[in-house]
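Take a look at the structure set out below.
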Amino acid sequence: MTNPMRKGGTTMNRIVKHIVCTVLALGPMSAFAAAAPGMQAPPERKEGEGPYTQLILRNITIIEGTLAPPISPVDIVIEGNRIKSIHLPGAVGSSAYSKDVPVLKPGGREIDGKGMYVMPGLIDNHQHISPQMEYEFKLNLAHGITTIRDPGTTSGLAFMQEIKDKSAKNLITAPKIKTYLRFGYYPDGSFNLPTTEKAAREWIRMAKAAGADGIKDAGFTPNVIKAALDEAKKVGLRSMIHHRQTMVARWNALDSARAGVTQMEHWYGLPEAMFLDRTVQAYSADFNYQNEQMRFGQGGTLYSQGAAPYSEKWNAVLDEMVALGFTLDPTMVVYEKLRDYMRARTQEWLEPYAFPAAFEKSLVPSKEHHGASQHNWSTKNEVDWREQFQLWQAFINEFKNRGGRVTTGSDEAMLFGFSLIRELELLQEAGFSPLEVVRAATLSGAEALGIDDDTGSVEIGKLADLLIVDQNPLENFKVLYGTGSIKLMDDGSVQRIGGVKYTIKEGVIFDAKKLLADAKAIVDAEKARTGKKIVQPGFTH
15 MTNPMRKGGT TMNRIVKHIV CTVLALGPMS AFAAAAPGMQ APPERKEGEG
65 PYTQLILRNI TIIEGTLAPP ISPVDIVIEG NRIKSIHLPG AVGSSAYSKD
115 VPVLKPGGRE IDGKGMYVMP GLIDNHQHIS PQMEYEFKLN LAHGITTIRD
165 PGTTSGLAFM QEIKDKSAKN LITAPKIKTY LRFGYYPDGS FNLPTTEKAA
215 REWIRMAKAA GADGIKDAGF TPNVIKAALD EAKKVGLRSM IHHRQTMVAR
265 WNALDSARAG VTQMEHWYGL PEAMFLDRTV QAYSADFNYQ NEQMRFGQGG
315 TLYSQGAAPY SEKWNAVLDE MVALGFTLDP TMVVYEKLRD YMRARTQEWL
365 EPYAFPAAFE KSLVPSKEHH GASQHNWSTK NEVDWREQFQ LWQAFINEFK
415 NRGGRVTTGS DEAMLFGFSL IRELELLQEA GFSPLEVVRA ATLSGAEALG
465 IDDDTGSVEI GKLADLLIVD QNPLENFKVL YGTGSIKLMD DGSVQRIGGV
515 KYTIKEGVIF DAKKLLADAK AIVDAEKART GKKIVQPGFT H
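The sequence shown maps to residues 15 to 555 in my numbering.
What follows is the structure, encoded as structure tokens:
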């Protein structure tokens, strides 16, 4: 396909008109039936149990996701896919919950939750869907993740809409999916970047008509970005932006907040909004943006080039962003390897659960793979990034303290599910209390996606999107990892404890540990097929 944007609006108008008419006539699922190249759709089979006419979670400890403290023992009644009632038998004093004991109806199911904790299903606001979807989706559900946002949907919006629809109907084992179309992409997976204001507005209307839940990015020049975001607000599309460093000198995170962007990803654009004595990052004279050792290595000093925490400029930027209703989706887990490369390469879950090819692409130095930037990663690079994290986390934590919304996204730093749990730990490191961490991973994520009327907290009337674990996650978020946490027991033995026990998605119960085993079996089969193992660079088995 030639680029219609470079030939004025005539060709683009015809494309938009064709797409809109097709979508309106056939519906977004039928308009584009071709599967995206290389994508492996998960098999259609029912693996969860339910939903039930009545399901009672009995004697369980509830963590609402609303910042309310835990309450126990509670009985939760689920009918179909929604929470019907919550009971606190024998409650002392006033409570929002009923004080009676619910009675199980014929045909219903009951789970004894004594010693267990229930909290809202987790939301991953930044997870690129991989070709191995069955593997990815099972790892998500195995970690209590009930909703993911695909930021970009570059594999083809039409194809992903079909996957999304099958998940909604429980035809496949998968979390719920929100599709955000990356600026310039089309429902068939083709790409043509709008370079004029008119073309940007037309693209936005096309994305809306094609059924996108939102957009990712809005161009690279201020006039195009403004036009795209203005049109997105008019048609009711939410927006997320990754402020690429090729654009931040002209358009930073504060510009996005002022233009009405829903949510920013990562950290790019925040330091640039707080520069005092410069307008551009202090690049070395030989800097080459395509050299990712330079891009990420020199980026590790970027926060220190801006205003100091709690200074006048720092406060002004933070306060304005909060006042504008801006949302931060930090994805710290993506950048953690830059402050401790050895730790990132040797995480205990990589060997059993990672594809060797994925490990090589993400954690072996390369000039071909984006993010494999540690070409000659030094102690100095890691020291810079540890300081960067401290400055970044100070902003994130204070942003939350002053009423700003912070969400959780993994960008799949290395292994679906595992990475999001690590992001929870990093928020606690930043200064969030455990209850604030849970809110970020649940209710705040739902609010950012505009689905908080239905999900994001354990409340009467909401969808039954829940995770159940037999340890206290507020005491130790490591118990949410599929591999659990190591603990010395009273008898002197060392055991692994935790791991999500059940994930409930709209009333359908999944055995989280079985799904984790299924994901490992997929990895084992791939290793047997390819003969590859995870090998540390410079070492042999």
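All C-beta atoms, glycine included, are put in the ideal place defined by N, C-alpha and C.
Considering Cα atoms alone, identify which of the options is closest to residue i.
i, options, result
"I518", "R215, K98, L171, L480", "L480"
"Q277", "L434, F151, I239, H256", "H256"
"R416", "V522, D333, G470, A322", "D333"
"E245", "Q54, N266, K515, K222", "K222"
"M356", "N154, I143, P551, G122", "P551"
"E401", "Q319, R453, P379", "Q319"
"Q307", "D505, W391, M174, Q407", "W391"
"N411", "P344, L457, I435", "P344"
"F173", "P145, K152, N154, G198", "P145"
"V347", "V378, S471, M288, E426", "E426"
"E520", "I77, N73, T80, V91", "V91"
"Y282", "D138, S99, G314", "G314"
"E540", "F369, Y131, Q312, E93", "F369"
"V115", "S109, S447, R72", "R72"
"P323", "F403, S447, N266", "F403"
"S109", "M133, A82, Y131", "A82"
"D291", "I85, R353, A321", "A321"
"Q388", "E350, A408, E365, R419", "E350"
"S181", "P103, Y200, Y66, K60", "K60"
"T360", "S433, A372, A371, L377", "L377"
"T341", "F409, S325, H384", "F409"
Report all residues from its chain with a CB closer than 6 angstroms to the CB of residue i; omit the five preceding and five following residues, and keep chain order.
i, result
"E439", "F491"
"K6", "Outside the modelled stretch of the chain, which goes from 15 to 555, sits residue 6, for which no answer is possible."
"S44", "Because the pLDDT at S44 is just 34, under 50, the model does not fix this residue reliably, and the value given afterwards should be weighed accordingly. Closer than 6 angstroms at Cβ, skipping near neighbours: no residue."
"Q118", "In the sequence as presented, Gln is not what sits at residue 118; that position holds Leu. The answer, listed in chain order, is I70, E124."
"A13", "Because the chain in this structure spans residues 15 to 555, residue 13 falls outside the shown range and cannot be described."
"M2", "Absent from the structure is residue 2, since the part of the chain shown begins at 15 and ends at 555."
"L449", "L81"
"L502", "V508"
"R436", "V347"
"P217", "Reading off the sequence, residue 217 comes out as Trp, not Pro. Correct list, in chain order: P208."
Would you call residue i buried or exposed, if buried means 16 or more other Cβ atoms sit within 10 Å of its Cβ?
i, result
"Y516", "buried"
"S12", "This structure does not reach residue 12, given that the chain is present from 15 up to 555, and the question cannot be answered."
"K120", "Before going on, a small fix: residue 120 reads as Pro here, not Lys. When all chains shown are included, P120 counts as exposed."
"K31", "Here K31 scores only 39 on pLDDT, less than 50, and its place in the model is too uncertain to base an answer on."
"Q509", "exposed"
"G127", "buried"
"K414", "buried"
"Y303", "exposed"
"K113", "exposed"
"I77", "buried"
"D138", "buried"
"P201", "buried"
I'd like the span of the alpha helix (DSSP H) that includes residue i, first residue to last.
i, result
"N154", "147-156"
"I218", "211-223"
"Q361", "Q361 -> no alpha helix (DSSP H), and no H or E assigned at all."
"M12", "Given a span of 15 to 555 for the chain in the structure shown, any question on residue 12 remains unanswerable."
Quick check on DSSP: helix, strand or coil for residue i?
i, result
"D343", "strand"
"Y355", "helix"
"P87", "strand"
"D398", "helix"
"G228", "strand"
"I435", "helix"
"D505", "coil"
"E443", "helix"
"S99", "strand"
"R272", "helix"
"Q407", "helix"
"L185", "coil"
"E540", "helix"
"M335", "helix"
"F289", "strand"
Given residue i, which residues of its chain have a CB within under 7 angstroms of its CB, disregarding the five upstream and five downstream residues?
i, result
"K476", "R96, I97, D468, T469"
"L243", "A232, S253, A273, G274, V275"
"A533", "Y149, K152, L153, A156, Y367"
By the DSSP assignment, the beta strand (DSSP E) with residue i in it spans what residues?
i, result
"P165", "159-166"
"Y131", "131-134"
"F524", "522-525"
"K519", "514-519"
"N73", "69-76"
"Q277", "277-279"
"E124", "123-126"
"I191", "190-196"
Closer than 8 angstroms by C-beta to residue i: which residues in its own chain qualify, once you throw out the five before and the five after it? Chain order, please.
i, result
"M147", "M53, Q54, A55, P56, I177, A188"
Does residue i get closer than 9 angstroms to chain C when you measure Cβ to Cβ?
i, result
"V275", "Structure shown: chain C not included; a single protein chain is present."
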